[in-house]
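Notes to accompany the following structure.
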Amino acid sequence: MSDANPKDSDAVYDVVIIGGGPGGYVAALRAGQLGLRTACVEMRGALGGTCLNVGCIPSKALLHSSERFAEAAHSLSEHGVIVGDLSLDLGAMMARKEKVVAELVKGIEFLLKKNGVDYVRGRGSIPAPGRVEVALSDGGQQTLETRNIVVATGSEATPLPGIEVDEKRILTSTGALSLEAVPEKLVVIGAGAIGLELGSVWSRLGSEVTVVEFLDHILPGMDGEICKQTQRVLKKQGLSFLLSSKVTTAKTEGERVRLQIEPAEGDGEGSTLEADAVLVSIGRRPYTEGLGLDEIGVKRNERGFVEIDAHFQTAIPGVFAIGDCVPGPMLAHKAEEDGVACVEGIAGQGAAHSGDPGGHYDRVPGVVYTWPEVASVGRTQEELDADGIAYRVGKFPFSANSRARTSGERDGLVKILADEKADRILGVHILGPMAGDLIQEAVLAMEFAASAEDLARTCHAHPAMGEALKEAALAVDGRALHA
Ligand code: FAD
Ligand code: NAI
Numbered sequence: 012m013s014d015a016n017p018k019d020s021d022a023v024y025d026v027v028i029i030g031g032g033p034g035g036y037v038a039a040l041r042a043g044q045l046g047l048r049t050a051c052v053e054m055r056g057a058l059g060g061t062c063l064n065v066g067c068i069p070s071k072a073l074l075h076s077s078e079r080f081a082e083a084a085h086s087l088s089e090h091g092v093i094v095g096d097l098s099l100d101l102g103a104m105m106a107r108k109e110k111v112v113a114e115l116v117k118g119i120e121f122l123l124k125k126n127g128v129d130y131v132r133g134r135g136s137i138p139a140p141g142r143v144e145v146a147l148s149d150g151g152q153q154t155l156e157t158r159n160i161v162v163a164t165g166s167e168a169t170p171l172p173g174i175e176v177d178e179k180r181i182l183t184s185t186g187a188l189s190l191e192a193v194p195e196k197l198v199v200i201g202a203g204a205i206g207l208e209l210g211s212v213w214s215r216l217g218s219e220v221t222v223v224e225f226l227d228h229i230l231p232g233m234d235g236e237i238c239k240q241t242q243r244v245l246k247k248q249g250l251s252f253l254l255s256s257k258v259t260t261a262k263t264e265g266e267r268v269r270l271q272i273e274p275a276e277g278d279g280e281g282s283t284l285e286a287d288a289v290l291v292s293i294g295r296r297p298y299t300e301g302l303g304l305d306e307i308g309v310k311r312n313e314r315g316f317v318e319i320d321a322h323f324q325t326a327i328p329g330v331f332a333i334g335d336c337v338p339g340p341m342l343a344h345k346a347e348e349d350g351v352a353c354v355e356g357i358a359g360q361g362a363a364h365s366g367d368p369g370g371h372y373d374r375v376p377g378v379v380y381t382w383p384e385v386a387s388v389g390r391t392q393e394e395l396d397a398d399g400i401a402y403r404v405g406k407f408p409f410s411a412n413s414r415a416r417t418s419g420e421r422d423g424l425v426k427i428l429a430d431e432k433a434d435r436i437l438g439v440h441i442l443g444p445m446a447g448d449l450i451q452e453a454v455l456a457m458e459f460a461a462s463a464e465d466l467a468r469t470c471h472a473h474p475a476m477g478e479a480l481k482e483a484a485l486a487v488d489g490r491a492l493h494a
């Protein structure tokens, strides 16, 4: 345990965590399990952070509800299920989403209590190592003395210069999760996870959605072939894409927003778009405002992320940082892994961890919850080419998977990249039904350094979507059975 400010008194915490998101609250739960005297400080009035309150959970609730609506509108009749006049009760859909969020938030409060963690409601700052000052939500100040501090303050939407968000017509994801009416026309700026997920929600509910993306492809960082196929499928569902384009201005004029679009590069001709709502989803940036990090000497990189060592410790002994506010994938499960590994380190344990910033983020899966879903772990084909690594590719389409056919799913594929000689799995990329769940088999295989042959020789239940993974693994050696 770090002894940055060792004081032995009952009033001294072993660890105070600032931020109650998936990074912070999970770190707090693990610290409690390990018998550390722990407090978790959260200012939003609810635990769960961005993820539970305005991120993963409400977006997945709306994705699920809107999928049911789209299914009733377009595909249930194929199954012989005839729905009469279909209508949308957006209020009820939103109320369901809020209920799911509220129940999960309450569950976290219960878990903190169960693990003996003090939940302090208020805004934390660090006047000095070993001390957290809390401006309490219901008034007053509280000073917490502690041996260790974990900064888990997360991230916020990156603003687009010149475009003012009002959360009514010009929105971040937070506003786009709570619209009171379906916009007739929605422009989404940025074809990343947020843009495609929330673009899908509103498109299914009736919006005409145009996605404007700076790059010449969607979903940067994902395997190129999967990106192309995903774009094709989303286009079929009704989303339009303007690639290699940037929005330079968005001005509200009465009930409408007028956008100026320019080519991303060069002096090609610009164009204008009109919309009822605009979603700005061009990425997120670390949030560390008001903590006093600079004053105590904690270093941040040029993009504002807190710099940490392989034990999540900042430049200041006894001050650690995890989750979205440190470099690495900005994902809830990565923040959770960070939290556990960081606190175990504080408690003197040194277990290797996929959340260890010592370079193991390559086994953190990424999932985009469009339908079909997109899921990925490890290296992309483009990355292997760039690094000159020799590989073999195995692919299998869901159109040849019997379970996918029984469900009426034909789009997508599993793609496995394996080392040419050693056959070790280097990357797995899936576009398909339940890809977000299927990817876990690949993550586990990679965690145990499996070869494609290992996966191919593992018995898979039939009929199941997972058989597509087995077949793709067989295809690495040119011996897929059903294609
Ligand atoms: P956060 O969840 O941001 O939590 C930080 C907390 O710290 C906040 O509650 C904040 O109020 C609090 N805080 C900040 N400063 C202080 C202070 N000074 N004092 C007290 N409290 C403070 N990720 C996925 O893995 N899967 C998904 O499906 C997914 N969907 C998403 C959808 C949307 C729309 C968005 C916006 C994000 C999504 N993410 C998803 C990303 C995910 O939400 C983040 O990666 C995750 O929440 C990061 O966790 P964190 O604990 O680091 O930070
Ligand atoms: P992102 O970084 O995933 O995508 C942003 C996109 O905007 C990129 O494609 C980028 O090229 C584009 N862009 C940037 N500037 C632009 C401009 N001026 N004009 C047009 N396009 C521009 O960011 P996003 O989607 O906002 O998500 C933020 C974070 O939240 C991500 O880190 C993501 O991992 C996380 N998240 C994860 C989800 C999941 O795991 N399912 C769901 C939603 C968010």
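Counting from 12, one number per residue, gives the positions in the sequence shown under the numbering used here.
Ideal Cβ placement from N, Cα and C applies to all residues, glycine included.
How would you label residue i, buried or exposed, when you count the other beta carbons within 10 angstroms and need 16 or more for buried?
i	result
His-85	exposed
Arg-79	exposed
Asp-422	buried
Arg-314	exposed
Thr-154	exposed
His-90	exposed
Asp-367	Model confidence at Asp-367 stands at a pLDDT of 49, short of 50, so the residue's coordinates are unreliable; what they give is reported in the following sentence. The residue in question, Asp-367, is buried, as its Cβ has 16 or more Cβ neighbours within 10 Å.
Asp-498	Because residue 498 is not part of the residues shown, which for the chain are 12 to 494, the question remains open.
Gly-232	exposed
Thr-417	exposed
Ala-286	buried
Pro-172	exposed
Phe-331	buried
Arg-41	buried
Asn-159	buried
Gly-279	exposed
Ile-93	exposed
Alpha carbon to alpha carbon, how far is residue i from residue j?
i	j	result
Ala-483	Ile-200	34 Å
Leu-123	Tyr-130	7 Å
Leu-63	Gly-31	10 Å
Ser-365	Val-268	Low per-residue confidence applies at Ser-365: pLDDT is 46, beneath 50, and the placement is therefore not dependable enough to give any value.
Val-116	Ile-450	27 Å
Gly-165	Gly-359	25 Å
Leu-437	Leu-254	29 Å
Ser-387	Gly-235	12 Å
Gly-419	Met-445	13 Å
Lys-345	Met-105	28 Å
Val-317	Leu-87	49 Å
Pro-274	Glu-266	27 Å
Leu-216	Leu-99	8 Å
Ala-102	Gly-329	The amino acid occupying residue 102 in the given sequence is Gly; Ala does not appear at that position. Each residue's alpha carbon lies about 47 Å from the other.
Val-379	Gly-151	42 Å
Met-341	Asp-335	5 Å
Val-222	Asp-25	48 Å
Gly-369	Leu-395	For Gly-369, the predicted structure reports a pLDDT of 47, less than 50, and the residue's modelled location is therefore unreliable. A value from the coordinates is still provided. C-alpha separation (whole angstroms): 21 Å.
Glu-496	Glu-167	Here the chain has residues from 12 to 494 only, and residue 496 is not among them.
Ile-28	Arg-390	33 Å
Leu-424	Thr-241	10 Å
Asp-11	Ile-333	Lying before the first or after the last residue shown, residue 11 is absent from the chain, which here runs from 12 to 494.
Leu-226	Asp-488	34 Å
Lys-257	Glu-191	28 Å
Asp-305	Met-54	21 Å
Val-289	Gly-281	18 Å
Ala-363	Arg-414	Only weak support exists for where Ala-363 lies, its pLDDT of 49 falling under 50; the coordinates are left without a value.
Ala-204	Gly-66	11 Å
Could you name the residues that DSSP lists as bridge partners for residue i?
i	result
Phe-409	Bridge partners of Phe-409: none, in fact.
Leu-253	Val-223
Glu-313	BP columns for Glu-313 are empty, so no partner.
Tyr-24	Thr-157
Lys-262	Arg-269
Thr-1	Nothing can be reported for residue 1: it is not among the residues displayed for the chain, which extend from 12 to 494.
Ser-136	Glu-144
Pro-231	For Pro-231, which the question treats as bridged, DSSP gives no partner whatsoever.
Val-289	Ile-181 and Val-198
Ile-29	Val-52 and Val-162
Arg-403	Ala-429
Tyr-130	Cys-51
Ala-491	In DSSP, Ala-491 forms no bridge with anything.
Ala-168	Arg-295
Of all the CB atoms in chain B, is at least one closer than 8 Å to the CB of residue i?
i	result
Ser-418	In the displayed structure, chain B is absent; only one protein chain is listed.
At which residue ranges does the segment 424-457 contain complete beta strand (DSSP E) runs of 3 or more residues, listed in the order of the chain? 424-430 and 436-443
In chain order, which continuous runs of the beta strand (DSSP E) of length 3 or greater are located wholly inside the segment 34-87? 49-53
What runs of the beta strand (DSSP E), each 3 residues or longer, lie entirely inside the segment 190-219? List check, beta strand (DSSP E) in window: 196-200.
Start-end ranges of the beta strand (DSSP E) lying completely within the segment 328-389, minimum 3 residues: 330-332, 377-379 and 384-389
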